[in-house]
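One structure is given below, encoded as structure tokens.
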Amino acid sequence: MQLFPCPFCGPRDEHEFHFAGEAGKARPDTTRTVSPEGWAHYLNDQRNEKGRVREVWMHLTCSELFAMERDSVTMEVLSSAPLREDAQ
Amino acid sequence: MTSRRTAEGGLIDRSRPLQFSFDGKSYQGFKGDTLVSALLANGVRVMGRSFKYHRPRGPWGAWIEDPNAVFNVTLDGAELPNCLGAATMLETGMEARSVNAFPSARFDLKGGLDLLHRWLGAGFYYKTFIWPDWHLFEPMIRRMAGLGELNTDLIDGYASDQLHDHCEVLIVGGGAAGLAVARAAAEAGQDVVLVDDHDVAGGRLYQLDSVEGQTPRDWVDDQLAAIEAAGGRVMTATTAFGVFDHRLVGLAQQGAFGTAPRLWRIRADRIVLASGAIDRPITFADNDRPGVMSLDAACEWLARYGVLAGRDIAVLSNNSFAAPAVRMLARAGANVTEIDPTDGAIRALGGKRLKGVEVAGKRHPADTVLVSGGMTPLVHLWRHAGGKLDWCEQRQAFLPGATPEGMAAIGAANGSFDLDHALAEARAVARHEPRPDGTGTYRLTPLWPKPGSKGRQWIDFQHDVTLKDIELAARENYVSVEHLKRYTTLGMAPDQGKTSNMAGLAAMAAIQGRAIPEVGTTTFRPPFVPQPIALYSGPHAGQLYHPLKRLTLEAQHRAANAALGEYGGWLRPGWYGSGDPKFHIRDEVVTARKVAGILDASPLGKIEVIGPDAERFVDFIYYNTVSTLKPGQIRYGFMLTERGHIMDDGVIARLDRNRFLISCSSSHTDHVRAHLETWRQDGNDPDRIFIHDLTQAWSTVTVTGPKARDIVAALDIPLDLSAGAFPHMTLHYSSFDGTPVRIARVSFTGDLSYEISIRSSRAADLWQALAAAGEKLGACPVGIEALSVLRAEKGYILIGKDTEGETMPHDLGFGIPRQKKRAAFVGDRSLHMEGANRDDRKQLVGFSVEPGAPALPVGAHLVGEGERPRSQGYVTTSHDSTTLGHPIALGLLERGADRIGERVTAWHQGQRFTATICAPCFFDAEGERLHA
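Taken in order, these protein sequences are the chains called A and B. Okay, so the first sequence: first residue is 1 according to the UniProt record's numbering, each after it adds one. Okay, so the second sequence: first residue is 1 according to the UniProt record's numbering, each after it adds one.
Here it is, written out as structure tokens:
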């Protein structure tokens, strides 16, 4: 069981968190033409990197999303920060 | 008798004799014995039969590494299967039974299987039982395979407590190194927990005459006292069974036999592994005979339990630990002969009764053969934590290499086999000082299995894997250790190969002419020793596993004789009244259609979306356009996933210009809230949208039926309830008895309905008032079962029941936003992908069944014609409708919308049913009653 640091609540057990996706993925503007390949890429293609990853997680007990950097091999947590720079 | 109790010595309490039985015979041991040490003290040698060949087996090891003495043990009616006899502390009254043996380990009826060994090698099932069909043989093989038998009677109160804790230093192993590191760390002010799996800490120290000038007992007691005096905690009879992410250590603390162990999850800043090492077997012909035992185990039996393993003992050892062991055994009265096992081919002599050993053609008579093939450090927890292993040529063992964050290995677990060295190393690690130099005095001559040698040479005692099986695997190209393991089942028994994996991979290395480290080890996985499943589940059963949400009005429902059941995570009235529910449900449906029904709809989601960007946000979240709603108006709509699949349905009301109320499905509220929060914070300005889940703060009572208006009117609510002033799909605020209420005209039955929401503290008064007003007019409370019939008659769907994982809104006949909506919304692009445009998508339809014919079974497949017709969809909802006088159903059917009026066959468990496909609405299709 891992310990994740919620930037608002502090370190908590992994059971309290929900994976919300890889960070940096932008939703295509669907009011313009989006190719099937482009949309499929958005839906299905994950980087799924080995090593350092940056992900968005939700701390379910406070409902806040945050960005977390961790190592997908060693499971070491490297950093966590609110999604917005101006929060805190 | 070959083994016996010595006149004195050991840690046992000779003033406390304990009676027990083994395979029906009575014996006596002492407090402090294990089952195996007590049996050895009584001269018992054969303690089990092997897994596959039913060979007689005696104990090999003195603790958890022993693969052979596996018992079913009963005490005071509590029976536990597959107990490790060598590590089960004796209690008076225990009845132990050898597993895999009938009637007893000594005389086993299936012993003859051993004669068939030539045909029972690795993979024999798969090669032998191909024709005509494996399934023919499977039941017999399953009966013969496996170890103990499971007594399916639950043991009263067998539930594990689960505790969470934290410490600065957690030390695994209470031997010399563990005690030394714990004391030094505790005295340096650190918060220390020392864990040892024996009842009495001290590891193998009791084999020694003295430790730092004291007797081992005094030294151990002094360390323990010092640790506790410095604030450290000592947990004996506790196994560290696994190290998990972020330095979480799982501990199983044993209590009395028959009680569930207690689970500790301890998060440690630093883990020091002092788990010691075990002696490994030497591979030779018939090395599995009872009486061939570990040299180190014999010393443990003598030192801890006062049991001398044999009278005439032959010692085969390739290492420098033999000399003190031989001295110790000789001093206790055994006649010990040392034989060099590296001289030549070795063979055990005798059968059930050991007669000696033959080395290089020379016979050495003996009743006991003690072997030591070298020490194997117990590095399991090191590997759990992701630590690496390095091969040490000098010690012929894998030792801890690259260190996982916050972990250290010391003592024998680190290959520091000399006492002085281990103590110095432990104290240095406690103080974060450099470790002492040197590798110690331990020496050994490499001695590994020799491929091609004669006789049946056992590698894995617990799973009956021999050297020939390894050779066979190599010939058939199962040469990777992981393949070798699975093909031969080497190391797959409950002991996970503690005494066998090294020999197995060394044999593979020798066969292929590779070095041992090139072959490598298999993966070490928790638990280190088998643990009961109850340890992990703990108290998490029933309500503690999945607590139900409770209604504010539960007491009122109970008073009305409601049958309460779980519906979507809530405890809700299924129907009202005792006896056959069928009649109650039918009566509730009839009353609701004729007069009115009163329903507790409180679990319905009530999530408010508030703020200047709320309008834009709900348009994005919903498939339907919401922004065109005026305050007070309500719309039915769908939320989709980005894949365009329906996630939830329900109504959304506009309360105000910047305030919306989402009424999602009762069982989806938490999910919807998380979905809204995710989009709010990722892609929107969260300062301009606020999401507030008020589901539990409000209670909702729904009145539905032709008399609903009269019932609500009886409440003296200051509101014009007429259809003109308060039409369907609108909402008004008002008050009930001085308390604000929100009344919505929304229907899930197809009849005129009012949903009245009030703060939960006043819900009881509202319910009583409506129930009383309803009763006067002949209305009654209705439960979820009746509601589910009413909604099916109208063709209203339940998401997840009448939809599947791929259902899109246009499959349900809601295709307009897909064509017309301009604004972006979740899932929009997916609705125009190739899959969404297929013309054979499953679409929602109704099925009408003739009066008198049976209702269609839910889940029945809708099939075409022919010998083996293909499934084209299935029935999702089915009821015998009293309202309509015939059974009805809803379902998903390929191209269903184009097939209205056709006959269709439903197939269910060999039975065929027929029905007519129709539009998914059986009741008031024109909506006159709905808009009344």
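Glycine included, every Cβ here is placed at the ideal spot set by N, Cα and C.
Judged by DSSP in its simplified three-state form, residue 325 of chain B adopts helix. Minimum Cα-Cα distance from residue 779 of chain B among the listed residues B:771, B:251 and B:785 corresponds to B:771. Along the region 375 to 435 of chain B, the beta strand (DSSP E) occurs as fully enclosed runs of 3 or more residues at 375 to 377, 389 to 392, 397 to 400 and 407 to 409, listed in sequence order. Under the 10 Å beta carbon count, residue 825 of chain B is surrounded by 16 or more other beta carbons and is classified as buried.
For the 9 Å CB-CB criterion, residue 235 of chain B and residue 205 of chain B do not form a contact. A Cβ-Cβ separation of about 7 Å places residue 844 of chain B in contact with residue 896 of chain B under the 8 Å criterion. In the displayed model, residue 504 of chain B falls within a helix according to three-state DSSP. Using a C-beta cut-off of 8 Å, the region 46 to 54 of chain B makes no contact with the region 225 to 240 of chain B, since fewer than three inter-stretch Cβ pairs fall below that distance. Distance between residue 678 of chain B and residue 76 of chain B, taken at the CA atoms: about 55 Å. In the structure shown, residue 91 of chain B adopts coil according to DSSP, grouped into three states. If you check the CB distance, residue 257 of chain B and residue 80 of chain B come in under 9 Å.
Counting along the chain, the unbroken alpha helix (DSSP H) around residue 680 of chain B starts and ends at 669 to 681. In this structure, the alpha-carbon of residue 87 of chain B lies about 30 Å from that of residue 365 of chain B. Spatial neighbours of residue 136 of chain B in its own chain (CB-CB distance under 8 Å, excluding positions within 5 residues in sequence) are listed in chain order as 129.
DSSP places residue 830 of chain B in the helix class (H, G or I) of the three-state scheme. Residue pairing by DSSP places residue 81 of chain A opposite A:67 in a beta bridge. Between residue 882 of chain B and residue 837 of chain B, the alpha-carbon positions lie close to 38 Å from each other. Boundaries of the alpha helix (DSSP H) harbouring residue 137 of chain B: 134 to 144, taken from the DSSP string. Residues of the region 666 to 681 of chain B with a C-beta less than 7 Å from any C-beta of chain A: 674, 677, 678 and 681, listed in chain order. Rounded to whole angstroms, the gap between the alpha carbons of residue 212 of chain B and residue 442 of chain B is 19 Å. Residue-level contact by beta carbon holds for residue 43 of chain A and chain B, with a gap shorter than 9 Å. Under the three-state reduction of DSSP, residue 774 of chain B is assigned to helix.
A buried status is given to residue 842 of chain B, since no fewer than 16 other beta-carbon atoms sit within 10 Å of its beta-carbon. Around the beta carbon of residue 156 of chain B, a 10 Å sphere encloses fewer than 16 other beta carbons of the protein chains shown; the residue is thus reported as exposed. Within the UniProt domain "Aminomethyltransferase C-terminal" (842 to 924) of chain B, complete beta strand (DSSP E) segments of at least 3 residues are found at 842 to 848, 861 to 863, 871 to 881, 886 to 894, 903 to 908 and 911 to 918, given in chain order. The DSSP-derived three-state label of residue 288 of chain B is coil. Sequence-distant partners of residue 286 of chain B (beyond 5 residues in either direction) whose C-beta falls short of 7 Å from its own C-beta, in its chain, are 347, 348, 455 and 456. Note on residue 668 of chain B: 16 or more other CB atoms within 10 angstroms of its CB, so buried under the neighbour-count rule. Look at the region 706 to 764 of chain B and you find these whole runs of alpha helix (DSSP H), each 4 residues long or longer: 708 to 713. The beta carbons of residue 916 of chain B and residue 798 of chain B sit no closer together than 9 Å.
Residue pairing by DSSP places residue 264 of chain B opposite B:163 and B:251 in a beta bridge. The alpha-carbon separation between residue 495 of chain B and residue 464 of chain B amounts to approximately 12 Å. Only buried fits residue 468 of chain B, as 16 or more other CB atoms lie within 10 angstroms of its CB.
Between residue 318 of chain B and residue 374 of chain B, the C-beta spacing is below 9 Å. Around residue 383 of chain B, the same chain offers 524 as residues with beta carbons nearer than 6 Å, after the five sequence neighbours per side are excluded. Residue contact with chain B for residue 2 of chain A: present (Cβ-Cβ distance below 9 Å to some residue of chain B).
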